[in-house]
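In our numbering, the protein residues as written are 4 to 535. Below: the structure, in structure tokens.
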RNA sequence: GGCGGUGUAGCUCAGUUGGUUAGAGCACUCGGUUCAUACCCGAGUUGUCGGGGGUUCGAAUCCCUCCGCCGCUACCA
């Protein structure tokens, strides 16, 4: 097993300041889909997520709740772990930044940077609003230096901080980004980062004075490590930096950091430079995904349109939400989210296209072939059958290419194109007529193709819908297991063995009838009644 | 303000290095079919490809300009 190729993928760690919302679920799901896919491709995958727990806000929140910070963050970590388990997120690690192993990693990174002379003591000057208890950039303030929310005068405050010499490494980073076109994705995020670097990026402070919630600086115990410097290090904590050198060697550098587009600056400038300074390799890829919009609007507390991930999964099912995320949102762009569009997506893609194809195909195999996988006679293929078989043979490569590019919706399209062709093939060949006319070879071959399309589709959706795929396997009588399946082999056409038992069972995706659907159905029935 | 991006059917978007009647999915209308979850299949409607100007035999595709929208513009994650 040790000769397996390794793959280390991460989500960002979540701020332990408020409970999980649907955006957290989105990031974890897309990352999980990639992680599962890589496992299916034979990689030894390490998949980490976690919670970011050191900050003023967390302290305040704990105080508000009446518990000490550690108790508070532990309870928040549980909430995020529950989210992972509900959404079937196949993590191998969950890092809390308040853990001892993380403190070790942070201290070690700090020490290394400090020793290479990249951390120096200086003065941080910033505009501070007493009401917000926060610093603002001058550009954020009103013209007369007032806080944008409180409209009161902000104070120019100076405090002693330790700084990281970003400026020492910007040229090197610039070159790295230009030499590695896939380092920052998508392209638009890369452009932003390049612009920032070219316009000159200041050194950043990496400590705060006088806090007792945080990791003390190894070199100055009156200061703690600033949250961002602290949080980013979680990625190497996960794979054993400063605690398990063998594990670290195995998994670092990370293959992909999947993060929200709002935090690319930290991941694409500060984090790489921290690593350079500490003499560590850079992650191979940082992918900034888009945000979910609720009916076209940003989700926010003030708008009151935050979607609860637990609730929505209970209503529609985890696999359905996972499918919706992957199929309906172009990875890397903002995505629409609403109950209506979930229902639409479910009814068209899952119920009408895939679910109905499975149901009608297996039904015919039961009726016409005694519920046994029929034989494939390749010498009687007509043009239509040939076309779909050819397409089926190409699915594997198309699917791999798109998944490798993190193009999740495109990867699913590879199966849906086939599904659509299969539904069409049924019309064109009319197996019920072949049956009447006693064209047994044609009948069997058509039905065999249909079953193969279903089987291929089930593998394509496996990383996306890990609970649904096995239900399809049961219907078509294959005994795959996500842990052992060799998809490089099984994604080829023609693997289904003649004589295997199939069984229709209950429909997988019964149509969802919301008000609009019900109305539509009613109209159809009235029309039908008139005709008769 | 600066930088980047974007504006194509009702909606979401594809449109390779400029080249025949501008595409897909969804939605809508009509027709067909019956194996199926009233599903599926077929046909069809809608677009001055943001406005204007230019280059060219020819531009959604290149150039200029104007308008609209979005992102970034640095320490709350």
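Don't be surprised by glycine CBs; every beta carbon is placed ideally from N, CA and C. Note that this is a predicted model, so its numbers are computed, not measured.
- Sequence-distant Cβ neighbours of residue 395 in its own chain, meaning closer than 8 Å and more than five residues away, are 421, 452, 455, 456, 459 and 496.
- The alpha carbon of residue 511 has as its nearest neighbour, out of 471, 485 and 492, the alpha carbon of 471.
- Non-local beta-carbon contacts of residue 485 in its own chain, meaning distances under 7 Å to residues more than five positions away in sequence, involve 465 and 469 in chain order.
- At the C-beta level, residue 264 and residue 188 stay beyond 8 Å of one another.
- Note on residue 260: 16 or more other CB atoms within 10 angstroms of its CB, so buried under the neighbour-count rule.
- The C-beta separation of residue 165 from residue 201 comes to about 26 Å, leaving the pair out of contact by the 8 Å criterion.
- Here the region 196 to 211 does not lie against the region 87 to 104, with fewer than 3 beta-carbon pairs under 8 Å apart.
- Every alpha helix (DSSP H) of 4 residues or more that sits fully in the region 218 to 282 is shown, in chain order, as 230 to 235, 237 to 241, 248 to 254 and 274 to 281.
- Its Cα nearest to that of residue 61, the residue 216 stands out among 216, 489, 439 and 358.
- With a beta-carbon spacing of about 25 Å, residue 449 and residue 415 fall beyond the 8 Å limit used to define contacts.
- Under the criterion of beta carbons closer than 8 Å, residue 54 and residue 99 qualify as touching, at roughly 5 Å.
- According to DSSP, residue pairing for residue 159 in a beta bridge involves 130.
- With respect to the C-alpha of residue 82, the residue from 18, 57, 383 and 107 having the closest C-alpha is 18.
- Counting C-beta pairs closer than 8 Å gives fewer than three between the region 220 to 236 and the region 175 to 189, which falls short of the contact rule.
- Rounded to the nearest whole angstrom, the CA to CA distance from residue 329 to residue 33 is 7 Å.
- Residue burial is scored here from C-beta neighbours: residue 334 has at least 16 other C-beta atoms within 10 angstroms and is therefore classed as buried.
- When the Cα atoms are used, residue 298 and residue 337 turn out to be separated by approximately 12 Å.
- Taking residue 112 as reference, the option from 86, 219, 206 and 38 with the minimal CA-CA separation is 219.
- The beta carbons of residue 426 and residue 360 sit about 6 Å from each other, so the pair counts as a contact at 8 Å.
- Residue 86 and residue 73 have their C-alpha atoms some 20 Å from each other.
- Per the Cβ contact rule, the region 107 to 122 is not in contact with the region 37 to 55 (fewer than 3 Cβ pairs under 8 Å).
- Assignment of residue 286 by DSSP, reduced to helix, strand and coil, places it in the coil class.
- With distances taken between CA atoms, residue 303 lies nearest to 23 out of 12, 23 and 10.
- Only exposed fits residue 305, as fewer than 16 other CB atoms lie within 10 angstroms of its CB.
- Between residue 128 and residue 161, the C-beta spacing is below 8 Å.
- Beta-bridge partners of residue 47 (DSSP): 9.
- According to the DSSP secondary-structure assignment, residue 122 is paired through a beta bridge with 167.
- Proximity of the region 363 to 383 to the region 427 to 443 meets the contact definition, three or more beta-carbon pairs being nearer than 8 Å.
- The straight-line gap separating the alpha-carbon atoms of residue 39 and residue 282 is approximately 31 Å.
- Taking the Cβ atoms as the reference, residue 15 lies roughly 4 Å from residue 262, within the contact range of under 8 Å.
- Judged by their CB atoms, residue 503 and residue 375 are nearer to each other than the 8 Å cut-off.
- By the 16-neighbour rule on beta-carbons within 10 angstroms, residue 284 is exposed.
- Of the other Cβ atoms in all chains shown, 16 or more fall within 10 Å of the Cβ of residue 58; this residue is therefore buried.
- Where residue 83 is concerned, the enclosing alpha helix (DSSP H) starts and stops at 72 to 89.
- Its chain contains 124, 126 and 212 as the residues whose beta carbon lies nearer than 7 Å to that of residue 163, once the 5 sequence neighbours on both sides are disregarded; these appear in chain order.
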